[in-house]
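Chemist: Have a look at this one.
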Amino acid sequence: MTHISSDPAREAIELVECEARLLDERRFDDWLSLFTEDSWYWMPASWGQNSPDDSLSLVFEDRRLLALRVRRLASPVIHVEQPSSRTHHHLSGLRAHSVSHDVFEVQSMQLIVMLRAAEKQLFSAHCQHQVVRGTQGLQIAAKTIRLIDCDSPHRGLAVPL
Numbered sequence: 002m003t004h005i006s007s008d009p010a011r012e013a014i015e016l017v018e019c020e021a022r023l024l025d026e027r028r029f030d031d032w033l034s035l036f037t038e039d040s041w042y043w044m045p046a047s048w049g050q051n052s053p054d055d056s057l058s059l060v061f062e063d064r065r066l067l068a069l070r071v072r073r074l075a076s077p078v079i080h081v082e083q084p085s086s087r088t089h090h091h092l093s094g095l096r097a098h099s100v101s102h103d104v105f106e107v108q109s110m111q112l113i114v115m116l117r118a119a120e121k122q123l124f125s126a127h128c129q130h131q132v133v134r135g136t137q138g139l140q141i142a143a144k145t146i147r148l149i150d151c152d153s154p155h156r157g158l159a160v161p162l
């Protein structure tokens, strides 16, 4: 991914903005390419949960499972996505700081509107991306989505948030 900015923290923020845009455009293969091979995607099931290892999660997937999700979304016979969901991500409060020379943490607040079969769902979340600089440029090593209503019932989500 090519960035115009020469400020590494700004580049990390631009990567998170690009990720949201790719999800809204349903460009899931391009979205997946933003993640490192050893990345993970986590949505805790309780507000104070600090690790996916110590209790249940709404979603906890490594890159291999994310790739499987993307492959299923590309299938014309995925019943849970008929009709296809549409999303709009509104990002605010983006800030990035350097964890080490090539690692950045980007925090944001996101309001995600999902429309499927004329039914709207709203998701409000605190998000954290760990962005790393590697041989392929900046990529996402980890994404955590802390829904403010994480402990409420949620229907299965076919598309990533």
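Counting from 2, one number per residue, gives the positions in the sequence shown under my numbering. Heads up, the beta-carbon is just placed ideally off N, CA and C, and yes, glycines get one too.
Cutting at 6 Å between CB atoms, please list the residues of its own chain near Ile-146, excluding the five before and the five after it.
Modeler: So the list reads Met-44, Ala-126, Cys-128, Leu-162, once near-sequence residues are dropped.
Chemist: In angstroms with no decimal places, state the Cα-to-Cα distance between Ala-13 and Phe-105.
Modeler: Approximately 7 Å, taken between the alpha carbons.
Chemist: Are the segment 32-52 and the segment 141-159 touching, with three or more C-beta to C-beta distances below 8 Å?
Modeler: Enough Cβ pairs lie closer than 8 Å, so yes.
Chemist: When DSSP builds the beta bridges, which residues end up paired with Thr-88?
Modeler: Bridge partners of Thr-88: Met-115.
Chemist: Taking just the CA atoms, how far does Gln-122 sit from Phe-61?
Modeler: Computed Cα separation, rounded: 21 Å.
Chemist: If you drop the 5 nearest sequence neighbours on each side, which residues of the same chain put their C-beta closer than 8 Å to that of Val-71?
Modeler: Once the five neighbours on either side are set aside, the close Cβ partners of Val-71 are Phe-29, Asp-30, Trp-32, Leu-33.
Chemist: List the residues that DSSP assigns as beta-bridge partners of Gln-122.
Modeler: Answer by DSSP bridge pairing, in chain order: Met-115.
Chemist: With the cut-off set at 8 Å, would you say Leu-148 and Phe-124 are in Cβ contact?
Modeler: Yes; because the gap between Cβ atoms is below 8 Å, this pair is in contact.
Chemist: Strictly by DSSP, which residues pair up with Gly-138?
Modeler: According to DSSP, which records beta bridges pairwise, Gly-138 is partnered with Gly-135.
Chemist: How many angstroms separate the CA atom of Gln-111 from the CA atom of Ala-68?
Modeler: Whole-angstrom Cα-Cα distance: 23 Å.
Chemist: State the DSSP-derived secondary structure class of Cys-128, mapped to helix, strand or coil.
Modeler: If DSSP states are grouped into helix, strand and coil, Cys-128 belongs with the strands.
Chemist: Just the C-alpha distance for Leu-16 and Gly-135, rounded to the nearest angstrom, thanks.
Modeler: Rounded to the nearest angstrom, the two C-alpha atoms are 14 Å apart.
Chemist: Using a Cβ-Cβ cutoff of less than 7 Å, which residues in the same chain neighbour His-90 once the five nearest sequence positions on both sides are dropped?
Modeler: Cβ neighbours of His-90 beyond the five flanking positions: Ala-21, Leu-24, Asp-25, Gln-111, Ile-113.
Chemist: According to DSSP, Glu-106 sits in a beta bridge with which residue or residues?
Modeler: His-98, Gln-131, per the DSSP bridge assignment.
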